[in-house]
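Enquirer: UniProt numbering numbers the first residue of the sequence shown as 1 and each following residue consecutively.
After the structure tokens below, expect a handful of questions from me.
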Amino acid sequence: MEVGQTFYVVPCNEKDEEGDANDAGASLLGPSGVGLRHGLVEGRDFRLLDMLEWEKWKADSRRPAVEIPRHVITRGSGSRAQHVVELYPLLVEVHYWANGMAKSAPIQMKKGVNLNILVGTTLNVSSIKRLLWSRISSRYHDLFPEYAKPIDVVGYKAVNEDNWAQHIRVCIKSRRGGDVWEALDESPISPLSDDDDVATQRTVGDLNLIGEADSCVLLIECQFLNPSDAKDPRNSLFYMSEVEALGWRRMLQFGDYLDAKDTSNHWYESQVVDIDLDKDRVKVHYLSWGEKWDVWFARNAPELQPLHSQVGEWRTTLSKGDAVEFGTGSTPGMKASWVEGTVVDVQSMDDDHDTDDEAWPPMPPKALYKGKVIRVKVQYMSGGLPHTKVVEASNQLLCLPNVHIRSKKQPAQMPQSTATSTDVVKSEVKSSYSYSSGTYTATRNTNWSTPSGGYSAYTSKYSEKAEFPGVVGLQNLGNTCFMNSVLQCLSNTKPLLEYFCQVDEGGELMYKREINRSNPLGMGGKIAKAYAMLMEKMWSGDSKVVTPTELKYVIGEYAPAFAGYSQQDSQEVLSFILDGIHEDLNRVLDKPYTNPIEHAGRPDADVAKEEWANYLKRNDSIIVDHCMAQLRSHVTCPSCQNESITFDPYMTLSVPVPNQAWVLLTLHGIGARPMQYGLHVPKEGVYADVKATLTTLCGIPTDRLLLVQIKNNRIVRAYSDTMDISDLVHAHRDATVAAFELEYPWSQYEVRSPTLYSVSSTSTLDLNQSSPGEVALCLVALQHQVPSEVTEMSSPLEDDSDYHTSSSYRYHTNHSTKHRRVERRLFGTPSIVTITRDASSAEIHDKIRQLTEHLVDPDLEETPYKLHISNARADAFLQKDIPEDSADPLPCDVTRGSFTFTLEWTPHGYKVGRKGSESPRLHASADTAISHGGKPAAALDLRTCIAKFTEKEQLGENDTWYCPKCKTHVRAFKKFDLFSLPNILLLHLKRFRYAQGSYSMQRDKINTLVTFPITDLDMADFVVGDIPPNTSTVYDLYAVSEHMGGLGGGHYTAKAMNPRNNKWYSFNDSCTSDTTPEAAITSHAYVLFYLRRDLPAPK
1 MEVGQTFYVV PCNEKDEEGD ANDAGASLLG PSGVGLRHGL VEGRDFRLLD MLEWEKWKAD
61 SRRPAVEIPR HVITRGSGSR AQHVVELYPL LVEVHYWANG MAKSAPIQMK KGVNLNILVG
121 TTLNVSSIKR LLWSRISSRY HDLFPEYAKP IDVVGYKAVN EDNWAQHIRV CIKSRRGGDV
181 WEALDESPIS PLSDDDDVAT QRTVGDLNLI GEADSCVLLI ECQFLNPSDA KDPRNSLFYM
241 SEVEALGWRR MLQFGDYLDA KDTSNHWYES QVVDIDLDKD RVKVHYLSWG EKWDVWFARN
301 APELQPLHSQ VGEWRTTLSK GDAVEFGTGS TPGMKASWVE GTVVDVQSMD DDHDTDDEAW
361 PPMPPKALYK GKVIRVKVQY MSGGLPHTKV VEASNQLLCL PNVHIRSKKQ PAQMPQSTAT
421 STDVVKSEVK SSYSYSSGTY TATRNTNWST PSGGYSAYTS KYSEKAEFPG VVGLQNLGNT
481 CFMNSVLQCL SNTKPLLEYF CQVDEGGELM YKREINRSNP LGMGGKIAKA YAMLMEKMWS
541 GDSKVVTPTE LKYVIGEYAP AFAGYSQQDS QEVLSFILDG IHEDLNRVLD KPYTNPIEHA
601 GRPDADVAKE EWANYLKRND SIIVDHCMAQ LRSHVTCPSC QNESITFDPY MTLSVPVPNQ
661 AWVLLTLHGI GARPMQYGLH VPKEGVYADV KATLTTLCGI PTDRLLLVQI KNNRIVRAYS
721 DTMDISDLVH AHRDATVAAF ELEYPWSQYE VRSPTLYSVS STSTLDLNQS SPGEVALCLV
781 ALQHQVPSEV TEMSSPLEDD SDYHTSSSYR YHTNHSTKHR RVERRLFGTP SIVTITRDAS
841 SAEIHDKIRQ LTEHLVDPDL EETPYKLHIS NARADAFLQK DIPEDSADPL PCDVTRGSFT
901 FTLEWTPHGY KVGRKGSESP RLHASADTAI SHGGKPAAAL DLRTCIAKFT EKEQLGENDT
961 WYCPKCKTHV RAFKKFDLFS LPNILLLHLK RFRYAQGSYS MQRDKINTLV TFPITDLDMA
1021 DFVVGDIPPN TSTVYDLYAV SEHMGGLGGG HYTAKAMNPR NNKWYSFNDS CTSDTTPEAA
1081 ITSHAYVLFY LRRDLPAPK
């Protein structure tokens, strides 16, 4: 025998072989259908045949023979080397991971059959990747579309093979159900030395994977790519072996939960409370322990692990009768503040607002548990008396037994400083993330547990005095930074502060006199009282940190959206708090019925005065005194010019942040090679904006441009002028937006293809309507189909999942026949055809011949395709093989119905006569778009945003206005103007954008810097009403609510000026620090708080 020689395994006695196998030799195979069953004995169960013997045996066999080749290898070395037939090479099941997959999956080259391959133990490991490529190259584009070129692109094979080598990695594990993925080690066992001609290569046998099963699992994984965030730090990492295992560390942000270990090897539920980007470290707070024990860790420290991977998830399993420890003091972690408690009741409800699970890949959790709101009632003894307390299960005041309180059976466990660990960074350095304003030393007080010394020596922000009244941090109760941010801004709002702190001669707070307990729209005074109590604590100066528990509970009681502990919008909770305080303190005890005010052509001033008087009959409070003003709304019907002018109260102005984006759009002109343009369009714009911009570049009138979405090589929808352009701005991996030039203006066409209907109002669509003569123009979509012969599977290993024949039938009303629906394989770019309703078959062929001229080899003599009439999905033919020379028109039931054209290319035309897809030419604007793709947007001025708010705009199709004269809903024109100004001007910068795309809700944040004046913001230019004498229109900034980060993992902070010392401070939950007003002018600014200069005297 020679190394490499092939022998074939066959049954010993085919005549005696019985069983369920249909093929000779099949009974020898194991479950995979590739490897041999274990326990087979040569001479009894099988025998080995060389090539000549195998050919003769196969010819004589009564049944189709199963080919089971095995190769000769060398085992041993030196004098012990011997040649043997390797009966049991390594059996490998091949899995893959691609972007968008939550977990790996086996590759199926044929539907329902996993890909298994046999790998000889003497094969060099460096050859495994080439072996895999030879087996799955035909499916590479389907498996990894981000790193593959389609087959209709010239040179796709070479490009794909290069991408395979560059962007794909092979991992391995010894069994399917266990172990972890490890990158395949292709390095030599020993490097090249002076004594060796070649380095000793690592073989499959050196991997030590062959066990009892003689099998393993290979993983083919690509590099991670976040299509919505080019700056995602996980981009270019390999997912299963890097992103899934370690990528969560790179994504750690403020507020994320995880498990952390101290130097006593005790694991605790913990939370990230600070981030140092310069040194790539995070500060961790051990839950239920004081801030004294907070420690800096390097991101890759082994002491950090995913949440509940080391600590059991116990909070959601609490039940009546469970023993817990409960913190009664204001400082978590102090022994004297913990008592033994018992759970006496548990209430759990679903949290419908918890949507974090929608994100992919999953981010580190921002809650200890998801999808539930759990409240726990704890009973404990304190001062010799029983007490009960209801807290959220996620509260740090809850702890497992034997953690803080020592028992005889188990000593107390406490976090220990890990400053001496080599994996932990010392904490003397100030955070560059600007979360923490102070410095912390990670030193442990060894006398902590003594009743006297430890407690007296320990001080915290909870027990320290505030450095100045109002300069107080607010404890984060669990993703409540959004609430803390606006509370700090409201706390420094001078008119509200003076109101809630004002007392009468008897020392009673005067706001209590105005509590309206009978208002059905109020909360019975609950939110006003909770807010007043919080202000009293914040301005007493007694504590450096205050916990807004009561106010949070009241807000959650009346607004379920804020009841849980998921991240919310600070502007929304601001509006809720102010509206709630207004209703609780409404001076109108009995609201009268008021009649609407008619404009009737009267002067605006008169109508506005009556509208305001009407409003004050039902609304009068401290919030109305300072935060409310009037907005003039002007709506005009585009058809009859009917006008509606109203004057509505407003409390917050939500001003847009103009957000431009560069996009690439390919235009398919008539008889011209496609050209790609770069367009600078507003992200929140509509397709009318896109067409107008494209017209200025290409010169084609807007009414002769049609914008469509192409998916799977066919047109799936068309865009009307009023539709949102999110599909264009947020490009989909498998869908593109393209523009087509029409021969005639759009208004002259009848649409015959259903996928083009959306450009017209569906209310006027009637497929059976008569037209003015048979010369009416019809617009029809056209797609290209791969020859049916090519579609057929040529090998058992070829994927058949995309070309299956459905067993269902589709009934078509135009022909009263049943058509079998077949998934047909399309290719190339679809087109749009203009024909007349009475066009003959020959004329239609001539028109299509002109459209496809650039695709067909001019030397080809015959027509390379057949023309079929198909339905919109191109999965059923309504009429096949339209003759090229017929003078007859298409049947009337076709031309008056809905249809598309499908060109089924002949095998010869597809392989020989087709030029392939032409890449589009690049317009100069495309280069500009590409160069601007990664640059941040230029800064804007606040006045630009306010001016944008007051611009006239047309309503969209989903936001129509009912015109009382036209008796129908119309896309009216609307315009807002400020008619009056409040004392406290709240400006909300609309940074979050939500738009419904074709497949999902598109969400993004606008991070454009908006500059705004700190002083001297004059609003006179934006006011259309009469400004009362001695009333200032100049405002000064006093607070800013900030949001940093993205939609899924952001954080809220605030900067505000203390009204009692006029100094600016930064507020980051429980941390405060000095700052300057200029530091507030960043791209994080979200809600701006302005106060009118020279305020009028209070009522």
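Each residue gets a CB set at the ideal place from its N, CA and C atoms; glycine is no exception.
Under three-state DSSP, which class holds Cys892?
Expert: Cys892 falls in the helix class under three-state DSSP.
Enquirer: Could you pull out every residue in the same chain whose Cβ sits closer than 7 Å to the Cβ of Lys880, ignoring the five residues on either side in sequence?
Expert: Answer for Lys880: His868, listed in chain order.
Enquirer: Between which two residues does the beta strand (DSSP E) holding Val655 run?
Expert: Note, Val655: beta strand (DSSP E), 652 to 656.
Enquirer: Just grab the DSSP bridge partners of His868 for me.
Expert: Thr902.
Enquirer: Can you name the start and end residues of the beta strand (DSSP E) that Leu826 belongs to?
Expert: Its beta strand (DSSP E) spans residues 826 to 836.
Enquirer: Take Tyr565 as the anchor and find which of Phe500, Asn1058, Phe482, Asp229 has the nearest alpha-carbon.
Expert: Residue Phe482 is the option with its Cα nearest to Tyr565.
Enquirer: Let's test the definition: count the other Cβ atoms within 10 Å of the Cβ of Asp294 and tell me whether it reaches 16, buried, or not, exposed.
Expert: Buried, since its Cβ has 16 or more Cβ neighbours within 10 Å.
Enquirer: If you measure between the beta carbons of Ser1073 and Tyr1065, is that distance less than 8 Å?
Expert: Contact flag set, yes.
Enquirer: Tell me which same chain residues have a C-beta within less than 6 Å of the C-beta of Ala26, skipping the five on either side of it?
Expert: Correct list, in chain order: Val66.
Enquirer: Taking Thr576 as part of the alpha helix (DSSP H), name the residues at either end of that continuous run.
Expert: First, the amino acid is wrong: residue 576 is Phe here, not Thr. Looking at the DSSP string, the run of the alpha helix (DSSP H) that includes Phe576 is 570 to 584.
Enquirer: If you run the structure through DSSP and keep just helix, strand and coil, what is Ala692?
Expert: Helix.
Enquirer: Kindly confirm or deny that the segment 914 to 929 and the segment 619 to 637 touch, where touching means at least three C-beta pairs closer than 8 Å.
Expert: Because the criterion of three Cβ pairs below 8 Å is not met, the segment 914 to 929 and the segment 619 to 637 do not touch.
Enquirer: Please list the segments of the beta strand (DSSP E) lying wholly inside the segment 938 to 1002, counting only runs of 3 or more residues, in order along the chain.
Expert: With a minimum length of 3 residues, the continuous beta strand (DSSP E) runs that stay inside the segment 938 to 1002 are 961 to 963, 968 to 970, 973 to 978, 984 to 990, 992 to 996.
Enquirer: Hey, which unbroken runs of the alpha helix (DSSP H) at 4 residues or more fall wholly within the segment 264 to 343?
Expert: Those alpha helix (DSSP H) runs which fall completely within the segment 264 to 343 and span 4+ residues do not exist here.
Enquirer: Could you tell me the distance, in whole angstroms, from the CA atom of Asp1092 to the CA atom of Ile623?
Expert: Checking the sequence shown, residue 1092 turns out to be Arg, not Asp. Approximately 15 Å, taken between the alpha carbons.
Enquirer: Are the C-beta of Gly290 and some C-beta of chain D separated by less than 8 Å?
Expert: Note that chain D does not occur in the displayed structure, where there is just one protein chain.
Enquirer: Tell me whether His969 is buried or exposed, calling it buried when 16 or more other Cβ atoms sit within 10 Å of its Cβ.
Expert: Answer is exposed; the Cβ neighbour count stays below 16.
Enquirer: Quick check on Arg202: does DSSP put it in helix, strand or coil?
Expert: Coil at Arg202, not helix or strand.
Enquirer: Going by the beta-carbon positions, is the gap between Asn479 and Ala367 smaller than 8 Å?
Expert: Result yes, Cβ atoms of Asn479 and Ala367 sit closer than 8 Å.
Enquirer: If I measure Cβ to Cβ from Leu855 and keep anything under 7 Å in the same chain, skipping five residues before and after, which residues do I get?
Expert: Here the set comprises Arg914, Lys915.
Enquirer: Given a threshold of 16 other Cβ atoms within 10 Å of its Cβ, counted over all protein chains shown, does His668 qualify as buried or as exposed?
Expert: Label assigned to His668: buried.
Enquirer: Straight-line CA distance for Thr693 to His680?
Expert: Rounded to whole angstroms, Thr693 to His680 spans 8 Å at the Cα level.
Enquirer: Give the single residue among Leu782, Thr1015, Thr722 whose Cα lies nearest to the Cα of Arg714.
Expert: Minimum Cα distance to Arg714 is reached at Leu782.
Enquirer: Determine contact between the segment 377 to 391 and the segment 492 to 502, defined as no fewer than three beta-carbon pairs at a distance below 8 Å.
Expert: Touching, no.
Enquirer: Hey, would you say Val324 sits closer than 8 Å to Val311, going by beta carbons?
Expert: Result no, Cβ atoms of Val324 and Val311 do not sit closer than 8 Å.
Enquirer: Would you say the segment 256 to 272 touches the segment 282 to 297, given that touching needs at least three Cβ pairs under 8 Å?
Expert: Yes, since at least three Cβ pairs between the segment 256 to 272 and the segment 282 to 297 fall closer than 8 Å, the two stretches touch.
Enquirer: Nearest to Pro302 by alpha carbon, out of Lys974, Leu48, Asn265?
Expert: Considering only alpha carbons, the answer is Asn265.
Enquirer: Could you please give me the residues that DSSP links to Pro711 through a beta bridge?
Expert: Just to set this straight, residue 711 is Lys in the shown sequence, not Pro. BP columns for Lys711 point to Arg714, Ala735.
Enquirer: Between which two residues does the alpha helix (DSSP H) holding Gly909 run?
Expert: From DSSP, the alpha helix (DSSP H) with Gly909 extends over 907 to 911.
Enquirer: By Cβ distance below 7 Å, which residues in the same chain neighbour Arg47 in space, the five residues on each side in sequence not counted?
Expert: So the list reads Val10, Cys12, once near-sequence residues are dropped.
Enquirer: On a Cα-Cα basis, can you pick out the residue from His582, Phe901, Phe899, His845 that is closest to Ser886?
Expert: Out of His582, Phe901, Phe899, His845, His845 has the C-alpha closest to the C-alpha of Ser886.
Enquirer: Per DSSP, which one or two residues make a beta bridge with Ala67?
Expert: Residue identity check: residue 67 is Glu in the sequence provided, not Ala. Answer is none; Glu67 lacks a bridge partner.
Enquirer: In the DSSP assignment, the beta strand (DSSP E) including Gln630 goes from what residue to what residue?
Expert: From DSSP, the beta strand (DSSP E) with Gln630 extends over 629 to 636.
Enquirer: My assumption, with CB atoms under 8 Å, is that Leu123 sits in contact with Val34. Please give the rounded CB distance.
Expert: In fact, because the Cβ distance is near 16 Å, the residues do not count as touching under 8 Å.
Enquirer: Under a three-way DSSP split, which group does Phe224 fall into?
Expert: Note: Phe224 maps to coil in three-state DSSP.
Enquirer: With three or more C-beta pairs closer than 8 Å as the rule, is the segment 505 to 516 touching the segment 597 to 608?
Expert: At 8 Å Cβ cutoff, the stretches do not touch.
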